[in-house]
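Trainee: This structure is in structure tokens; I'll ask about it shortly.
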Amino acid sequence: MAEKIRIGVLGASGYTGADLVRLGVRHPAIEIALLTANSHAGKPMDAVFPHFAFVDLPDLVTVEEADWSAVDAVFCGLPHGTTQEIISDLLARHPHIKVIDMSADFRLRDPDTYATWYGHEHRALGLQGEAVYGLTEHYATAIASARLVACPGCYPTASLLALLPIVGAGLVAADDIVIDAKSGVTGAGRGLKQNTLFSEAGEGLSPYSIAKHRHAPEIEQEISKAAGKTVYVNFTPHLIPMSRGELCTSYVRMVPGTSADDLRACLADAYQKAPFVHVARPGVVPQTQNVRGSNYVQIGVFADRIPGRAIVVSVLDNLVKGSAGQALQNFNLMFGLPETTGLEQLALFP
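Under our numbering, think of the first position of the sequence shown as 2, with each following residue one higher.
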């Protein structure tokens, strides 16, 4: 094989960064050259994540110690609000590097919307205009030529893959969408939080960030674009007592003369060449265990008992297709590799 592409991972001590490393280790075109984690700097990766004891990885370093001249691409797994200035400085000094950002810092195109939802002005507006939204199946051409890709959040990925084709085709009312979303606790990150303690999250199900979750404007941004008008959605996330996995149930009102079969056919046509999006046969119910540990998305469509309405169910692994896997899928496009490279693994079941 030709010389490998050297990558760095910002925030390698988080769940997203760790899953990127897990996938990157087996990617035939990747050499993991740099891992940062300020709070764990100086440690070997397996001191933070013991499951990496079986592979040879560079030790963790601080962002300040990182030698960016040694890498061709950087994956960013930092919390929102911390990536903008780091990436801005990085690209100013090393403009050849390609950046795949898994944080929320470059997802929202409107800087005013960003400031409203994230509590501060965007600190890298020049780059914000350059960033390509990384929903692979809908922006592949732009991603392939991009220097900076903003990977979608996990909830938007699951929701938008299920909704964009049928909204864009005018088969459903874009202004009457309700999304009931559920995610495993890794979606809350690895930091210590009371609501993700085993005793708090186990044996129960709870909604959170009701009417104020930051993925809502991201979903609305893309649905509005597909609909050709400003759209707002009802979106409520829930915490499920499991490590990984995500299920979104979207309730839609169909336009007169449209059936659930029409929605399914539209989705199947939209994703007929998409290697990781699978539209289930009629009657097959998507389940998170069908995609666990994989980069696959499964979508099912069902007629509601209420005339004129349908229910669209989509599932994915929030750490893979919802984050690190989609980032790697975008990396493949950016470097002219087959889209599926390093992502061919099936779900881990049972």
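Virtual Cβ for every residue (Gly too), placed ideally from N, Cα, C.
When the Cα atoms are used, what is the spatial distance from ASP181 to VAL286?
Mentor: In the sequence shown, residue 181 corresponds to position 180, counting from 1. In the sequence shown, residue 286 corresponds to position 285, counting from 1. So the alpha carbons of these two residues sit roughly 16 Å apart.
Trainee: What's the gap between the Cα of ILE312 and the Cα of TRP118?
Mentor: On the sequence shown, residue 312 is found 311 positions in, with the first residue counted as 1. On the sequence shown, residue 118 is found 117 positions in, with the first residue counted as 1. Cα to Cα, the separation comes out at about 29 Å.
Trainee: So for ALA38, helix, strand or coil by DSSP?
Mentor: The count along the sequence shown starts at 1 and reaches residue 38 at position 37. In the three-state reduction of the DSSP assignment, ALA38 falls in the coil class, being assigned neither a helical nor a strand state.
Trainee: Using a Cβ-Cβ distance cut-off of 7 Å, determine whether LEU136 contacts chain B.
Mentor: Judged by its chain identifiers, the structure shown contains no chain B, having just a single protein chain.
Trainee: Could you name the residues that DSSP lists as bridge partners for ALA175?
Mentor: Mapped onto the sequence shown, residue 175 falls at position 174. Under DSSP, no beta-bridge partner is assigned to ALA175.
Trainee: Can VAL209 and LEU240 be called in contact, C-beta distance under 7 Å?
Mentor: Position 208 of the sequence shown, counting from 1, holds the residue named residue 209. Position 239 of the sequence shown, counting from 1, holds the residue named residue 240. In the sequence as presented, Val is not what sits at residue 209; that position holds Tyr. Yes, they are a contact pair.
Trainee: Closer than 6 Å: is that where the CB of PHE55 sits relative to any heavy atom of the ligand GDP?
Mentor: Here there are no bound small molecules, and the ligand GDP is not part of this structure.
Trainee: Are the beta-carbon atoms belonging to LEU248 and LEU24 less than 7 Å from one another?
Mentor: Indexing the sequence shown from 1 puts residue 248 at position 247. Indexing the sequence shown from 1 puts residue 24 at position 23. For LEU248 and LEU24, no; Cβs fall outside 7 Å.
Trainee: For PHE53, count the other beta carbons within 10 Å of its own beta carbon; 16 or more makes it buried, fewer makes it exposed. Which is it?
Mentor: Residue numbering aside, residue 53 sits at position 52 when the sequence shown is read from its first letter. Under this definition PHE53 is a buried residue.
Trainee: Go through its chain and collect everything with a Cβ distance to VAL280's Cβ below 7 Å, but skip five positions before and after it.
Mentor: What you label residue 280 is simply residue 279 of the sequence shown in a count that begins at 1. The answer, listed in chain order, is ARG265, LEU268, ALA269, TYR272 and ILE300.
Trainee: Suppose the cutoff is 7 Å on Cβ atoms and the five residues either side in sequence are ignored; what does the same chain contact list for ASP47 look like?
Mentor: In the sequence shown, residue 47 corresponds to position 46, counting from 1. Closer than 7 Å at Cβ, skipping near neighbours: PHE53 and ALA54.
Trainee: Would you please state the rounded distance, in angstroms, between the beta carbons of ILE224 and PHE236? I believe it to be under 8 Å.
Mentor: If you number the sequence shown from 1, residue 224 lands on position 223. If you number the sequence shown from 1, residue 236 lands on position 235. That belief does not hold up - the Cβ atoms of ILE224 and PHE236 are roughly 10 Å apart, past 8 Å.
Trainee: May I ask you to verify whether the segment 329 to 342 touches the segment 141 to 149, counting CB pairs closer than 8 Å and requiring at least 3?
Mentor: yes
Trainee: Pull up the distance between the alpha-carbon of LEU172 and that of ALA304, whole angstroms please.
Mentor: The count along the sequence shown starts at 1 and reaches residue 172 at position 171. The count along the sequence shown starts at 1 and reaches residue 304 at position 303. Spanning the two alpha carbons is a distance of roughly 14 Å.
Trainee: Does the segment 84 to 91 come close enough to the segment 334 to 341 that 3 or more CB-CB pairs lie under 8 Å?
Mentor: no
Trainee: TYR134 bridges to which residues according to DSSP?
Mentor: Translated into the one-based positions of the sequence shown, residue 134 becomes position 133. TYR134 is bridged to ALA151.
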